[in-house]
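Since the structure comes first, as structure tokens, the remarks are kept for the end.
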Amino acid sequence: MDEIDKKILQILQENDKIQYHKIGKMLNIGASTVHYRVKKLVERGVIKSFSAIVDPKAFGYTTTAWVGLSVNPIKMDEIARKISNFDEVQIVTTSTGDHDILLQIISKDEKELWRFINEKIKTIEGVEKDFHVSTFLDEYKRTHVVKL
């Protein structure tokens, strides 16, 4: 990946709907070159997808929380994959920290959050009783942009 690829990625991270000829003008290259490079970045998996980033609050999801789970180590991958199927869960990752699995969950309110945790997360075989929930209060930054 060269500097032109990085510049294309920076532009696309800010606006994935920008036309290739506009990127080309910005970088002094042809639109077909931009198209070819973007295609290659997608094929190599550097660009995972193009999508709209939606504010959850616009749809009534007023509560966001990090949940840290301790799980049976033998079942860690199975549990993480199962949790990944829930629509309420935005991020699932295994961790080397205090908890084995970390989740980011969105919900309409705290009551719905606790219902989800009690009815869906705690009932998964291998999830231990030791877990931690931190709800977000004021959000100062949320970005998808990766510094290149």
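Just so you know, we're using our numbering here: the sequence shown kicks off at 1041 and counts up by one.
Glycine residues also receive a C-beta, built at the ideal position from the N, C-alpha and C atoms.
| Check | Outcome |
| --- | --- |
| Limits of the unbroken alpha helix (DSSP H) element including G1064 | 1060-1067 |
| Completely contained alpha helix (DSSP H) runs for the region 1127-1170, where each covers 4 or more residues | 1150-1156 |
| Opening and closing residue of the alpha helix (DSSP H) in which T1073 lies | 1071-1083 |
| The region 1113-1130 touching the region 1159-1167, judged by at least three CB pairs closer than 8 Å | yes |
| Proximity to V1086 [Cα-Cα], best of V1132, D1138, Q1050 | Q1050 |
| Chain-order list of residues whose beta-carbon lies under 7 Å from that of G1108 (same chain, five-residue window excluded) | D1138, H1139, L1142, F1171, H1172 |
| Nearest-angstrom Cα separation, counted from Y1076 out to E1043 | 15 Å |
| Neighbourhood of A1105 by C-beta distance below 7 Å, restricted to the same chain and skipping five residues each side | I1145, L1153, V1173, S1174, T1175, F1176 |
| Neighbour-count burial assignment, Y1060, 16 or more Cβ in a 10 Å radius | buried |
| CB of E1168 within 8 Å of CB of V1129, strictly | no |
| Counterpart residues of G1108 in DSSP-defined beta bridges | L1142, H1172 |
| Counted within 10 angstroms of its Cβ, other Cβ atoms place S1147 as buried (16 or more) or exposed | buried |
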